[in-house]
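Residue numbers (the working numbering): 915 to 1101.
Put into structure tokens, the structure is as follows:
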């Protein structure tokens, strides 16, 4: 794909992610829960690091099934912290378990994660028109509001910058550059 967003470089995995996933509106609760946790795992690292580990994350975190994750005990946590296939950070592992609790609490209130999150953008993607990477913000007031609401509900590793990256990844905002064919495809 000529003129794709330059952040994915020449890495075939990154290019495939850019061309087929990044910015595509996602409404599935489990997929949103997975992405939110993976974006949190990425904090302080590059996304390609997590992308390369994503399949293993899915395996060891039971497909990001919140019902299973909330039952993780000390032994499971210890095994995760020894697993070189994931980011072995105690706080990030604990956050995923806590986020599963928060996700299920939201569901128990009769809310879907999808409806809760997409409500911040009135249910449809915000289409931005950035021409260069320098124009793309690290966060926005909407991401700050979503971050605050997630934190209030007990979610961790959901600061405004992480949340904005999550919004970009899940298509809540279209931040493909206007020169990229995916910008047009996803409008």
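Note that beta-carbon positions come from the ideal geometry of N, C-alpha and C, so glycine has one too.
Only a predicted model underlies this, so the values are computations on that prediction, with no experimental measurement involved.
Quick check on DSSP: helix, strand or coil for residue 1088? Residue state, collapsed to three classes: strand.
Residue 1066: which of 1012, 996, 1007, 1005 sits nearest, CA to CA? The shortest Cα separation from residue 1066 among 1012, 996, 1007, 1005 belongs to 1012.
Have a look at 987, 1092, 1023 and flag the residue whose alpha-carbon is nearest the alpha-carbon of residue 1041. The option with the nearest alpha carbon to residue 1041 is 1092.
My output table needs one value for residue 1041: the three-state DSSP class, helix, strand or coil. In the structure shown, residue 1041 sits in a strand (DSSP, three-state: E or B).
Boundaries of the alpha helix (DSSP H) in which residue 967 is found, first to last residue: Residues 961 to 974.
Backbone secondary structure at residue 1069 - three-state DSSP: Of the three classes helix, strand and coil, the one that applies to residue 1069 here is coil, per DSSP.
Below 8 Å between beta carbons: does that hold for residue 968 and residue 952? Cβ distance < 8 Å, so residue 968 and residue 952 count as in contact.
Is it right to say residue 985 is buried, meaning 16 or more other beta carbons lie within 10 angstroms of its own, or is it exposed? With fewer than 16 other Cβ atoms within 10 Å, it is exposed.
Between the region 929 to 949 and the region 1017 to 1029, do three or more beta carbon pairs fall short of 8 Å? Touching, per the Cβ criterion.
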